[in-house]
Each structure stands twice: as C-alpha cells, then as structure tokens.
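Visitor: Read top to bottom, the protein sequences are chains A and L.
Going by the working numbering, the letters in the first sequence line up with residues 251 to 398, in that order.
Going by the working numbering, the letters in the second sequence line up with residues 22 to 933, in that order.
In this text, a Cβ means the ideal position worked out from N, Cα and C, and glycines have one as well.
A quick note: this is a predicted structure, and the numbers were derived from the prediction, not measured.
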Amino acid sequence: MTEVELKAFTRVVTQYFNNVTGTAAQLGLPYIKGERQETFDYTGVIGISGSRKGGVYYTAGKQLLEALGAFILGDEPLDDEALYDLVGELTNTIAGNMREIFGSNFLISVPIIMKGKIDDIVIKLKPPVFIIPIIWNGMNSHLAIGLE
Amino acid sequence: MEHSMLDIMWVIMAASLVFVMQAGFAMVESGLTRSKNSINVAIKNLTDLGVSLIVYWLVGFGLMFGLSFSGIFGTSEFFFDSGDAWPMVFCLFQAVFCSTAATIVSGAVAERMRYISYIFATILMALVIYPVFGHWAWGGALQGSASGWLAKLGFVDFAGSTVVHSVGAWVALAILVIIGPRAGRYKSDGTVAPLSGSNIPMAVLGVILLWFGWFGFNGGSTLAASENVAGIILRTCLAGAAGMLSALLIGWPLLKKPDVNLVINGALAGLVAITAGCHAVSAPQSILIGLVAGVLMFASSILLDKLRIDDAVGAIPVHLVAGIWGTLAVAIFGNPDILGTGLSPLEQLGIQGLGITVCGMWSFGVAWLVVKLINAITPIRVSQIDEANGLNKAEHGVSTEIYDLFSVLDQQAKTGDLSLRAPEEPFTEAGQIAGMYNNVMSKLEADTIAKDEYLQILHNVSDGLFLLDQDGVIGPYYAASLNKIFETDQLAGQKLSAVLARFVAEETRAVAEDFLQSCFDSRIAWRHLEKMNPLLDAMAYFDNGQGDFLEKNLQFLFRRLEDGSVVKRLLILVRDTSAEKNLSEEIEKTRELGKQEMEMLYRVMHVEPKTLQEFLDGLHRDLEAINGQFRAGEGNVHERLSQVFRLTHAIKGDAELLQLDFIGGKAEELENRVRELLKVSEPGGEEFLALTLLYSELASASTKLRELLQKWTGFQAQTQSIGFDGYLRQSLASMASRLASRYNKEVSLDASGLSLQFLSPQLRKPIKDILVQFVRNAVFHGFETPDVRGNQGKASAGLIQISGLRQDKMLVVRFRDDGKGLDTGALRQEAVKRGLMDSAKASAMSERDALGLIFQSGFTTVAVADSVAGKGIGMSLVRSLVKETGSSLSMRTKKGAYTEFVLSIPLSGAKQ
C-alpha cells in the first residue's frame, strides 16, 4: 500500500458523505488492525482482485446509518432491510469510485452486507489491515483496507 | 312400344358410357383415398361391378322390371334372357345403372370396411334394395307402361337422381353410421384431420370420365335416339359445370383456398342433381339446379363433419343431398307438359318429397337393419392394426412401393433406428426416392456416429474445447469441462466476448476481442498472429458472491478452421493452469522468503540470540504502545504524538546498540515523520496516513525478525535437546522401519541402553556405521515375515536390541535380533558353490570358521542383490571398521532364535 492509494480510498468515502449530506466526514487517526474485532452494527465487504488483491470493508453503527438514511430517503423510518440496503449502496458507491481511480484491472466483487460482529472479514483482507476512522456528524464509522 | 335399330344402338352406346363411369368411380375413389388403401378401393369398385351385374341379372332385374305385384315388386324376368334385341339392351342398360348405385358405397366407406362385408353390401343392394325401389319408380318400363306405385302417383326421376344416386348414398350412410369414422379423422378438440388423397390427378381424370359417362347416363335414359338427347346432354353438362363453379365460389373464400374437393365434388353434385329432371328443364334452369347443388354439397359436407360422419370421398353430399335437391327440382322447374303427370307443381313437389322419403326409409332402413345384423355376427370393420397398416396389405396382401417406403419411414420415426433402409424397387418413382433417401440416411448415419463419438470426447475431455463461429458465438457442442472452467453453464449460443467480460479484466478482454477478430481475417498470417495470443496466460476472476473472488489461471489455445481461404470457425482449447501456476508461484515465494530470511539472518547473526530476543520483546511492546496511541481515538493529538516520538526514539536507540541498522533506519523515518507532524498545529487524519504506513513497515520488519528468531532458536533447542545419542537412536529406528516396510516385515528397535556420546567424534562415526550394517543385515537376512514368525510362535514384529556397557577401558556394545539365526549349512554350501573350497573342506570347517564366512568380501547367500543387501559388502565393511578402531567382535547365533554381535571398543580414542 502507498500513501497515495490510502488517500484515494479515504477521499472516496469522505466525498460520498459530502455529496449526499453536504457535510464532509472527518478522518480519525488511522491505525493497524490487531486481533481485536473492529466492526460496528452493519458492515459491507468488497473483495478486490486483479491488479491488487485483498479487500475493503466499511462498517458503521445503526445511529449513523439512520441519520444518513434521513438525508437520502427523508424522514421515513428505516427498518433493518433498509439499513442493509443503505450500507450496500454506500459500499457499492465506494467500490465503483475506487474502480475509476485504480483502473479497469482493479476488480471489485459484488459487496456482501453483514450485521453484528463478524469474524471472517479478516480472511478477505490481506494484512496489514489499515483501519481509518470516518467521523461524520460526531458519529464514528470505519473504513478498513487490507491489500497486498 | 317399337324400338328402331338406331334406338338400340344408342342405348348400347349409352350403356357403354355408363359402364365407363365405373372406371371414373374407381379413379375418383382410389385417388381421393390414401395410398395404403388405394388398391383396396379400386378392387372394391371392380368387384361391385361384377357382383352387382350377376346378382341384378339373376334376381334384381326381375324384381325391378318383371310383371308387377301390386306396384310393389316385379315377379318375372328372373335369370333374364330374350331373343329380342331391345329387352336385352334394356337389361344391359339397367344392369350398369345398378352397378353405379352399388359402387357409390365403396367410396364413402373406404379405408375401414372389410372386403367381404362390402361384397355382402353390394349383393344386398343389387338383390333387394335397388330393384325394389327401382320398381316403385320405374317399374313397367320394359313393358311400356308404368306399374310401380310411386310412378303411378306421378313421381318423376328421369335418370335416377333418387333411384340410382340417392339409393346408393342412403345405403352408404347406413353403413357409415354403423362403421364409424376412420382412425384419427376427428380429434378430441373437435377439429377434422385432413386425410389427403393419394393421387388427385387421377381423381380429376376420374371425374372427367364420370362426366363423360353421364352423357350416356342421362342421354340414354330416353331409351331412344330421339331429338331430346342433345338437349339432355347439354343441360347435363351445364349443371355439372355450374355445380363446380358454385362450390368453388362459396368454398374458396371460406376455406381460404380452392380446395380440390370443391372442384371435384361440385361438378359431380351438379351432374347428380340434373339427372332427375334433365329432360324437362331449360338450359338456364339446369344451370340454376347445378349452382344450388354445388352450394348444398359444400354445406352438407361441413354438416357431416359436425355430425362426425366420416364420408371418405364425399359420396353423401354428392349423391344423396344433390340427388334429393335434383328430385325436388323436377317439381320446381320441370315443364308439366313434358312431365305429363297432370299434377300441379305443388302436388308434384309433394309426390317428389314422398318419393325421396320413401327412398330414404326403404334404402337406409333395410341397409341399416341388415348391416347391423351382419356386424353383430362378424365385424364389418377391419381391426385397428389393419386400418393403421392399410387395407391394401391387410385385405389383399399387396403393397405399393410408396407404401413400403412410408412403412420404413414410419418405423424409423417410431424406433429412431437409423440403420433401416427403404426397399429400392427399380424403375419406379418411389424406388428412386427410396434410393436417394437411403443415400441420405447412410450419410446421416455416418455423421451421427461421428457426432456421437465427438460428443463422447467432448463429454470426457478435461480441457475446455469448443468452436467459435464468425460472429464470435460459441457452438452448440462443447466440452462439458468448459462449464466448470468458466463457472457457468448454457454456453452454447453465447458470445465469447460476453462470457469473457464476466471474469477477465477489461483491458485483457478488449485486446482479446481484437485478437479474435484478427483470427477470422485470413489475410493475417497465423504464425504471426498466434504469437500475439493475449489469452495464452490469462487471469480469470470469478466473483463468488461472498464478497470475494475465485481466481484462475486460464490458457486459451486457438486453431483456425478454414474452408478454402475463408476462416469459418476457430477451434479453441481452454486449460485451467491454476494448479501449475500456483505451484510455480509458491516455489518462487518460498525461494524469495528464504532469500529474505538469509539476508536478515546475516544482519542479526552477530547478536547473541538471547539479547536479540529481549530486544524483539521490547520492540513488540513499543510498537503495540504506538498503535495504541493511534487507536485511542481520544485525547490531545500532540500529546499522543509526543508519546509516539519517545517510543520510536527508544526503538531507534536499542536498534543502534545492537547494530540492527535496518530496524534503526525505519524507526528514524518514523521518528522524523512524527517530528514533522508535531510542528503542525492541528494535524488531520490524512496527515497520519503516511505515519501509519511507516509504522506498518516497522511492525512488519519486527514480525519477520521474530519469526526468523523463533525458527533459529527452535532448531537449536531441538538439536541440543536430543543430542547425538538421541539422534542416533532415532535414525537407526527410522531406518529399520523403512527397510522393514520395503520387505513387508515388521521390526521394532530398542536402543535405549546405548550411549556413544562420550566417545570421540573419530570413534562415533565408525561405530555408528557398524550399527547401520548390523541393522540392515538383521532386517534383510535375519527377520522372517510376520506370518512365518506367527507360525513359529514369535511376535509378528522382529525385535532389535542394542545396548552399550562401559567396562574398565572398554565400551561393550551388544546387538541382538530375534530372527531366524544364521544357517551355517547354507554358508558352507555357498562357499563350495563359489569355489572357495571343496565340499570336504567345507564339511570339516568349524562352526566358528563357517560363521566367519559372512565377513569375507563379496560373500553372500543372496541370489539377486538389491540396494540394501546381497552384494557381500556390508559385513566386510564391518570387519574393516572393527580393525580400524582396534575393536574386537564376537558373534553368537541360534537357528530359528537369534543372532547376536558383541563389539568391544577400546576407549583409548574416547574423550575420557
């Protein structure tokens, strides 16, 4: 991984929040993932292959997603399925934008969305896994990047 | 009434024309029926002619034209004969009329009625039904005055619309009601299946013959060569033509086609209708009669099918419906003066209606009763199998070439047997078709076999094989393995570029598409093009739907399939080379890792392991602490950075102390970066990315070093823990086990009492080598197989015991196996065999000397040597080593029990 690549990943996420909500997300201090589980309520995982191998996941809490959903869908109450869809949409957007940045040989899988604590995400991510906290409106979420 | 010779000649000629109508009927009916029944229909026509002529002459003529009994039936003229010309010609004329009535039945009931049943029906017709009704209408004609009761009432049927045609058709209808429709004619959904005629041109010719015969039928009914004949024939022709036209005009728009039956039966309906009144109507009236007859024929045909009454040739619409209409038309259009009945038109119409009704009741009634009775006794219908096979074969045992051809085709369609061949009857049209068909089938069979073999190959070949056409589409037949390789199915008909797009990176796919296009361009030389194959070593990425990819290495090989200068297809072979590629990458990775580890080892080997371990433990703690500062999430960023700076600096210092420059250098880079960030007033997360990267590099170096140290110290610990004795024991036991397995034996080795560790290295090796030879010798020569040992009451596994005992300045090593012992007899024999001594000397040799033979170079009792034993070297080597070390060796053996070596080694060369 290079600094340029890490920045490209983080900008995709922060710009997403800016575009959707008009409020830019802030980056927390990044660190290397250890053995501790690092996921929130909902997690979207994308496998990456081709020019780079590994994976990326975005994980966020229910509170953040509900607030984000209010911007997209209005004040309609969001059920569990809608929150799944929202993480899927966000992960898809991240994946699509990453492809634009990294070129057509940067292959991204169809995202899978998971709920709760997930143990096997690390399988798809190649260590060292960089955890980049994304803070939006005071609510925390993580972008995790693990590429060879 | 007197008749001139001209009258006689005319009626003979008319009878001849009516006779010719039999040919017409035969042609129409056999032409309108299927070829498998055409012979049967034709034969029935001929048969009914002969049968009806005889029966009519015998009885029918008398019943019809004999002296009348109360106007009901004739009572004379049976077995008719006469010396006068006129009665004879009259009889002839009436006989062929009877045959005409009889033959109408054959067409209607065609394709299902048994031949014998039909003959009975013909007899019934000619014997009773036709003559009796004929008497009612025409009785007295021979005598010159009407005597039939119907005729006396004023019923007029000039030439037989009712008397001949309707009578025949009523009988046909009665049989049709009883016999039922042909198999397959009416479907369960109510539709009518067309059962097409076999020879329409012949049917058309038959109609023309009938039409021609009608000149005599109607013209001859004047029974005189009068001036009326010409008009009668003209009106007959006009009515026939009008019937044909009206049927066509009505039927064509409704059926959306000029149906053959419309033309044929329309004409016949017109002819039948005019028959009753052709002598008493005008030419325009005859046309009108014909027009109405054509329409009625068409309408009644539809009605019959609605009623599911299967009239094979349309005899009922033509002969019954048109006959009824013609009979009524006599009253409507007939000139009363000519009719001469003295009745008003309405009265005439009533009488005509009465005649029609009576005809129906009599003809239909008698026929239905008698046929029903016959059917109850013996079925008038052929069996289902005979009907399916056709009446030609079933009833007459004859066949046609075309039927034989159809039979083969039918059999082939049912069984799928491509080896069947049609009979090739020479000089026939069907035979020529059969010949061509057989040629096609031979080619098809060969192609099918070839295709079957091709498909077998495709089903079993492990590589993906398929054909690609010029449109880039995958062919219908491809190797089953291709589905697995491409992780999909239903590939046939798909464009290869679309398939590739699912799993090949876009850049590669774009190049591949250009390459595929070039493959079909024959102007580009293949030898150049195939070197540019972009899919020769292609990576494929299959999204497994689990947020991950299944990666494969695929190798595509292409071949052009050319037709002349045009590339028609590409033969493409796809191999999954992932296993080979992965192995190659694994080897490369291992080699690279080994290289990296060696480089790192060079960098750290100057540091004492324990010190290095302590350094790495500290480094690990410091790195965790640094990452913890990043992960903390809260707190002053500068304070956290300051803490990171201190920790990094400490790492750098420790690394420099141990001269671990590669660690120190990375720590310094991290330290510098932290120092820069400390200058920033409020550093953001993005600025920390570079820091995290540097940290990860340092952490990675630390991890690799720890792994290396673990391997190194692990190896040291292992060798130190087991020592030389442990290593020797393990090695000897392992070797014994390997050798035993090779010779299907079982061995256990106990060397726990052996210690050579205190010996000098100079002594260790020869003693170890001696023990190796003892073990090899014991396993190969000494031990029996487990079953032999079992039979001798021994444990299945042979036991080797090695012990060592220090005695003063000697080490005494004892080696014992519980095998079969040494056979000195065999040793003596071998010595004689090898020419080392004669048998006398061998026998005189002591046991000790005999045992000593095994130490001689090249001496062995084994016939065929292998890599373990049989060369006579091992024990010779032992002797040399014993001598070299100044040791002494003694041995004891007991046949079937054990062999023991005792090696006494002087410790002068030992450490102590």
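1) Between the stretch 192-205 of chain L and the stretch 398-407 of chain L, are three or more C-beta pairs nearer than 8 angstroms?
2) Can you say whether A/T273 is buried or exposed, counting buried as having 16 or more other CB atoms within 10 angstroms of its CB?
3) Does the Cβ-Cβ distance between L/S934 and L/F154 come in under 8 angstroms?
4) Ignoring anything shorter than 4 residues or poking outside the stretch 653-716 of chain L, list the alpha helix (DSSP H) runs there in chain order.
5) Return the CA-CA distance between L/Q433 and L/L439, expressed in angstroms with no decimal places.
6) Buried or exposed: which applies to L/G514, given that a residue is buried once 16 or more other Cβ atoms fall within 10 Å of its Cβ?
7) When the Cα atoms are used, what is the spatial distance from L/A646 to A/F356?
8) Under 8 angstroms, Cβ to Cβ, is there at least one residue of chain A near L/T713?
9) Which residues in chain A have a C-beta closer than 9 angstroms to the C-beta of L/G566? List them in chain order.
10) Are the C-beta of L/S721 and some C-beta of chain A separated by less than 8 angstroms?
11) By the DSSP assignment, the beta strand (DSSP E) with A/Y308 in it spans what residues?
12) Could you spell out the range, first to last residue, of the beta strand (DSSP E) harbouring A/I351?
13) In chain order, what are the residue ranges of uninterrupted alpha helix (DSSP H) at least 4 long that sit wholly in the stretch 589-649 of chain L?
14) My guess is that L/E690 and L/L715 are in contact by the Cβ rule of under 8 angstroms, so how many angstroms apart are they, rounded?
15) Let me make sure I understand the geometry here. Which of L/M146, L/I308, L/D844 has the alpha-carbon closest to that of L/A388?
16) Interface residues of chain L around A/S391 at Cβ under 8 angstroms?
17) Please confirm whether A/G300 has its beta-carbon closer than 8 angstroms to some beta-carbon of chain L.
18) At the level of alpha carbons, what is the spacing between L/S217 and L/N58?
19) Over what stretch of residues does the beta strand (DSSP E) that includes L/V833 continue unbroken?
20) Hey, L/V41 and L/L230 are a contact pair by Cβ (cut 8 angstroms); roughly how many whole angstroms apart?
21) Residues in its own chain within less than 6 angstroms of L/E508 by CB, not counting five upstream and five downstream?
22) Going by other Cβ atoms of all chains shown within 10 Å of its Cβ, with 16 needed for buried, is L/G95 buried or exposed?
23) Quick one: which residues of the stretch 252-269 of chain A get their C-beta closer than 7 angstroms to a C-beta of chain L? List them in chain order.
24) Going along the chain, which residues of its own chain have a beta-carbon closer than 6 angstroms to the beta-carbon of L/F236, five neighbours each way excluded?
25) Does any residue of chain L bring its CB to less than 8 angstroms from the CB of A/E398?
26) Is it true that the stretch 389-396 of chain A meets the stretch 590-601 of chain L, where meeting means three or more beta-carbon pairs spaced less than 8 angstroms apart?
27) Taking C-alpha atoms, which residue in L/A294, L/L719, L/I196 lies nearest to L/V185?
28) Quick check: is the beta carbon of A/Y281 nearer than 8 angstroms to any beta carbon in chain L?
29) If you measure from the CB of A/I363, is any heavy atom of the ligand ZN nearer than 7 angstroms?
30) Select from A/T309, A/F267, A/Q287 the residue whose C-alpha is nearest the C-alpha of A/I322.
31) Going straight from the alpha carbon of L/D468 to that of L/L441, what length do you get?
32) Let me make sure I understand the geometry here. Which of L/K732, L/V625, L/I196 has the alpha-carbon closest to that of L/L390?
33) Counting only the same chain and skipping the five closest in sequence on each side, list residues whose C-beta sits under 7 angstroms from that of L/G335.
34) Of all the CB atoms in chain L, is at least one closer than 8 angstroms to the CB of A/I395?
35) Measure the Cβ-Cβ separation of L/I926 and L/T906 and say whether it is below 8 angstroms.
36) Between which two residues does the alpha helix (DSSP H) holding L/S138 run?
Guide: Working from what's here:
1) yes
2) exposed
3) Absent from the model: residue 934 of chain L. The displayed extent of chain L is 22 to 933, so no value can be given.
4) 658-678, 682-700
5) 7 angstroms
6) exposed
7) 35 angstroms
8) yes
9) S359, V360, I362
10) yes
11) 304-310
12) No beta strand (DSSP E) holds A/I351; the alpha helix (DSSP H) holding it covers 330-352.
13) 599-625
14) 5 angstroms
15) L/M146
16) Residues of chain L passing the Cβ test: none, with the nearest at roughly 13 angstroms.
17) yes
18) 12 angstroms
19) 831-838
20) 6 angstroms
21) F563
22) buried
23) E253, L256, K257, T260
24) L38, I254
25) no
26) no
27) L/A294
28) yes
29) With respect to the ligand ZN, the structure offers nothing, as it holds no ligand at all.
30) A/F267
31) 15 angstroms
32) L/I196
33) N282, N286, S322
34) no
35) yes
36) 136-145
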